[in-house]
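Peer 1: Here it is: the structure, laid out below.
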Amino acid sequence: MPWGNLLCASSILLSGGCASQVLRMFKFMKMPIFSMDTFINIQRCYTVPSCLKVWHEHQSSLLERVGENPLVLGGDGRCDTPGHCAKYGTYTLMDLRDRRILDIQLVQSNEVKNSHHMELEGLKRGLSFLEEKGCSIKEVITDRHVSVKKYMREQHKDKEHYFDVWHVTKGVGKKLEAAAKKPGCAAVRPWIKSTTNHMYWVAASCKDDPDLKVDKWLSVINHVANKHEGHSSKFKQCEHGPLTEERLWLKEGSKPYKAFMEVVSSGYLVRDLPNLSPVYQTFALEVFHSVVNHFAPKNTHYFYAAMMARMFLAALHFNENGNREQATDQVGNSRWKMMYPKSKKGEEAVVKPVKQQVTFNYAEDLQRAVIERRKALPNYTSARKDADKQFHRTPLPLTKSFKPVVKKDLVTQQKSRFLMPK
Ligand SMILES: [Zn+2]
4 MPWGNLLCAS SILLSGGCAS QVLRMFKFMK MPIFSMDTFI NIQRCYTVPS
54 CLKVWHEHQS SLLERVGENP LVLGGDGRCD TPGHCAKYGT YTLMDLRDRR
104 ILDIQLVQSN EVKNSHHMEL EGLKRGLSFL EEKGCSIKEV ITDRHVSVKK
154 YMREQHKDKE HYFDVWHVTK GVGKKLEAAA KKPGCAAVRP WIKSTTNHMY
204 WVAASCKDDP DLKVDKWLSV INHVANKHEG HSSKFKQCEH GPLTEERLWL
254 KEGSKPYKAF MEVVSSGYLV RDLPNLSPVY QTFALEVFHS VVNHFAPKNT
304 HYFYAAMMAR MFLAALHFNE NGNREQATDQ VGNSRWKMMY PKSKKGEEAV
354 VKPVKQQVTF NYAEDLQRAV IERRKALPNY TSARKDADKQ FHRTPLPLTK
404 SFKPVVKKDL VTQQKSRFLM PK
């Protein structure tokens, strides 16, 4: 195999590129290039095993640095397709103090009862992996996934399990929006934003006092009706100053007031309030998921090993670039960019800091690992044998559980179905 083929094929994967598009580009330029089959062979025999090696080395050094220090972990799952037919679920555990990914687990839907169970399975595997490596896990912050809540409560009593505030406010915001759509309830709408902001304040201002969190949260029901005192024993009165501006207060007992109260005081929500995460949130995991989308777009299918390699690449990229500082101009001023976010419907501009340039040191490490592997295993046969050893526990393809069909029969069926009447 020419070295150029090896380096070109691995660069396609390392850049998160789509092989068929890159190969087509070469074809349009009339430049000779290897076939898709060769790309797949190189990927399987050389690039994927090298990605795994570099990630595992990186992960080991991260875990060594963490040592026995108590960890605050953020966890979140991602499905490769929206809806109910996802093939892969990935579960990421991040050290939230350091904003670095410590572990990612890939779960294929046929390893569990159905695709809904992939998230919990990923979390289970991730936590037991980190504990086996000697990590001391103090807090875990996730969304309010029902099975995750139950599992943490029953199996990890020694850890604090908190909910990411953004996930909770998103749910409350949606429910209030639905309430505002009910006939005669439009008066709820002006209160949605301030109610979700109130939740952030509740989470951040109560330290770890569960009753205070509940009381402060429920005080908003009085506040929207222009009552700012006499809330409860733990939270007697609102902490805002005198209100000079006129607000669109809700009338106690009115239809919109009742609809608002129903959402805010729902038993399911109130039960979870004590577990609102006071300090750390999982926003960085959302950022990481957008990096995964670059390396493994949801509209492309990848085989298990390639999916795993792309996930690890995303993690290496994130860990190298996730904590970049704000860039400065030539005279040392911080740089900002102006944006018109979709969520504000283009009506409001915001500024965001311009970060320093991304770096790709991990890609150099990976290229080096590919070259070393090629030197150690100079032909496909030996490299494939070695790669297969690493993937001996790969789950069976989904098609293995399907009823076998004969292609010829399908062709006959297809032809008869689309037969044009004469
Ligand atoms: Zn008030």
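Under my numbering, the letters of the sequence shown match residues 4 to 425, in that order.
Don't be surprised by glycine CBs; every beta carbon is placed ideally from N, CA and C.
Computed from a predicted structure; not experimentally measured.
(1) Check whether the Cβ of H59 lies closer than 7 Å to any heavy atom of ligand 1, and answer yes or no.
(2) Taking the alpha carbon of S63 as the point to measure from, which residue in Q158, V334, C138, N117 has its own alpha carbon closest?
(3) What is the DSSP secondary structure of M314, counted as helix, strand or coil?
(4) Shortest alpha-carbon distance to D79 belongs to which of Y94, C188, A89?
(5) Could you round the C-beta distance between A287 and G325 to whole angstroms and report it? I think they count as a contact, below 8 Å.
(6) Could you pull the DSSP bridge partners for E163 from this structure?
(7) Any idea which residues DSSP pairs P356 with across the strands?
(8) Have a look at L279 and T199 and give me their C-alpha separation to the nearest angstrom.
(9) Please confirm whether P344 and P277 have their CB atoms less than 8 Å apart.
(10) Suppose you measure from the CA of P35 to the CA of Q46; what does that come to, to the nearest Å?
(11) Can you check which of these residues, E163, N113, Q417, R147, is closest to V282 by C-alpha distance?
(12) Looking at the unbroken beta strand (DSSP E) that takes in Q111, where does it start and where does it end?
(13) Which residue marks the beginning of the alpha helix (DSSP H) containing R81, and which one marks its end?
(14) For ligand 1, which residues have a Cβ under 5 Å from at least one heavy atom, in chain order?
(15) Buried or exposed: where does H320 fall if 16 or more other Cβ atoms within 10 Å of its Cβ makes it buried?
(16) Just confirm the distance between the C-beta atoms of V373 and S13, as a whole number of angstroms; I'd bet it's less than 8 Å.
(17) I think V171 touches R147, with their Cβ atoms under 8 Å apart; what is that distance to the nearest whole Å?
(18) If distances are taken between C-alpha atoms only, which option among K178, Q393, K127 comes closest to Y154?
(19) Can you list, in chain order, the residues of its chain whose CB lies under 6 Å from that of H201, leaving out five sequence neighbours each side?
(20) Helix, strand or coil for Q284 per DSSP?
(21) Below 8 Å CB to CB, which residues in the same chain sit around H243 once its five sequence neighbours on both sides are set aside?
(22) List the DSSP bridge partners of D212.
(23) Please look up how many angstroms separate the CB atoms of K426 and L401, rounded, as I've assumed it's under 8 Å.
(24) Which first and last residues belong to the alpha helix (DSSP H) in which T391 is found?
(25) Short of 6 Å in beta carbon distance, which residues of its chain neighbour S150, apart from the five on each side in sequence? Order them along the chain.
(26) With DSSP run on the structure shown, which of helix, strand or coil describes D98?
(27) For P259, does the count of other Cβ atoms within 10 angstroms reach 16, so buried, or fall short, so exposed?
(28) Quick one: residues in its chain with C-beta nearer than 6 Å to the C-beta of C21, no 5 flanking neighbours on either side, listed in chain order?
(29) If distances are taken between C-alpha atoms only, which option among W169, C48, L413 comes closest to V205?
(30) With distances taken between CB atoms, is the gap from M97 to L105 smaller than 8 Å?
(31) Are there three or more Cβ pairs, one per stretch, closer than 8 Å when the region 355-363 is compared with the region 378-388?
(32) I need the straight-line Cα distance from Y365 to N322, nearest angstrom please.
(33) On the CB-based measure, 16 or more other CB atoms within 10 Å of its CB, does G70 come out buried or exposed?
(34) Residues in the same chain with beta-carbon distance under 8 Å from N339, minus the five sequence neighbours each way, listed in chain order, please.
Peer 2: On the basis of the data shown:
(1) In the sequence shown, residue 59 corresponds to position 56, counting from 1. Incorrect: H59 has no Cβ contact closer than 7 Å to ligand 1.
(2) Residue numbering aside, residue 63 sits at position 60 when the sequence shown is read from its first letter. Of Q158, V334, C138, N117, the residue nearest in Cα terms is C138.
(3) Taking the first residue of the sequence shown as 1, we reach residue 314 at position 311. Helix.
(4) Working through the sequence shown from its first residue, we reach residue 79 at position 76. Measuring from the Cα of D79, the nearest candidate turns out to be Y94.
(5) Stepping through the sequence shown from its first residue, residue 287 is reached at position 284. Stepping through the sequence shown from its first residue, residue 325 is reached at position 322. Correct: roughly 7 Å between the Cβ atoms.
(6) As a first step, residue 163 is located in the sequence shown; it is residue number 160 there, counting from the start. Per DSSP, E142.
(7) Numbered from its first residue, the sequence shown carries residue 356 at position 353. Paired residues: W339.
(8) Position 276 of the sequence shown, counting from 1, holds the residue named residue 279. Position 196 of the sequence shown, counting from 1, holds the residue named residue 199. Spanning the two alpha carbons is a distance of roughly 13 Å.
(9) The residue you call residue 344 lines up with position 341 of the sequence shown. The residue you call residue 277 lines up with position 274 of the sequence shown. Against a cut-off of 8 Å, the Cβ pair of P277 and P344 comes out as no contact.
(10) Along the sequence shown, one-based indexing puts residue 35 at 32. Along the sequence shown, one-based indexing puts residue 46 at 43. Cα to Cα, P35 sits roughly 19 Å from Q46.
(11) Here residue 282 refers to the residue found at position 279 of the sequence shown. For V282, the nearest C-alpha among the options comes from E163.
(12) Numbered from its first residue, the sequence shown carries residue 111 at position 108. Element bounds for Q111: 103-111.
(13) For this step, residue 81 is matched to residue 78 along the sequence shown. Not the alpha helix (DSSP H): R81 falls in the beta strand (DSSP E), residues 73-82.
(14) H226, H231, C241
(15) By 1-based counting over the sequence shown, the position of residue 320 is 317. With 16 or more other Cβ atoms within 10 Å, it is buried.
(16) Sequence index remark: in the sequence shown, residue 373 carries index 370 (1-based). Sequence index remark: in the sequence shown, residue 13 carries index 10 (1-based). With 8 Å as the limit, V373 and S13 qualify as a contact, their Cβ atoms being about 5 Å apart.
(17) Counted from its first residue, the sequence shown places residue 171 at position 168. Counted from its first residue, the sequence shown places residue 147 at position 144. Yes, V171 and R147 are in contact; Cβ-Cβ is about 6 Å, under 8 Å.
(18) The count along the sequence shown starts at 1 and reaches residue 154 at position 151. Among K178, Q393, K127, the Cα nearest to that of Y154 is on K127.
(19) Here residue 201 refers to the residue found at position 198 of the sequence shown. Excluding positions up to five away in sequence, the list reads V223.
(20) Here the question's residue 284 lines up with position 281 in the sequence shown. Coil at Q284, not helix or strand.
(21) Locating residue 243 in the sequence shown gives position 240, where the first residue counts as 1. Excluding residues within five positions, the ones whose Cβ falls inside 8 Å are H231.
(22) Locating residue 212 in the sequence shown gives position 209, where the first residue counts as 1. According to DSSP, D212 bridges with nothing at all.
(23) The question about residue 426 has no answer here: the residues shown for the chain are numbered 4 through 425.
(24) Stepping through the sequence shown from its first residue, residue 391 is reached at position 388. A small fix is needed here, since residue 391 is Asp in this sequence, not Thr. Where D391 is concerned, the enclosing alpha helix (DSSP H) stretches over 383-393.
(25) For the purposes of this step, residue 150 is identified with residue 147 of the sequence shown, where counting begins at 1. Hits under 6 Å: L123.
(26) Sequence index remark: in the sequence shown, residue 98 carries index 95 (1-based). If DSSP states are grouped into helix, strand and coil, D98 belongs with the strands.
(27) Your numbering for residue 259 matches position 256 in the sequence shown. Buried: at least 16 other Cβ atoms inside 10 Å.
(28) In the sequence shown, the residue the question calls residue 21 occupies position 18. Same-chain partners within the cutoff: there are none.
(29) On the sequence shown, residue 205 is found 202 positions in, with the first residue counted as 1. Here the closest residue by C-alpha is W169.
(30) Locating residue 97 in the sequence shown gives position 94, where the first residue counts as 1. Locating residue 105 in the sequence shown gives position 102, where the first residue counts as 1. Against a cut-off of 8 Å, the Cβ pair of L105 and M97 comes out as a contact.
(31) no
(32) The residue labelled residue 365 in the question sits at position 362 within the sequence shown. The residue labelled residue 322 in the question sits at position 319 within the sequence shown. Roughly 10 Å separates the two Cα atoms.
(33) To locate residue 70, count along the sequence shown from 1; it is residue 67. The residue in question, G70, is exposed, as its Cβ has fewer than 16 Cβ neighbours within 10 Å.
(34) In the sequence shown, the residue the question calls residue 339 occupies position 336. This sequence places Trp at residue 339; Asn is not what is there. Only V354, K355, P356, V357 meet the Cβ criterion.
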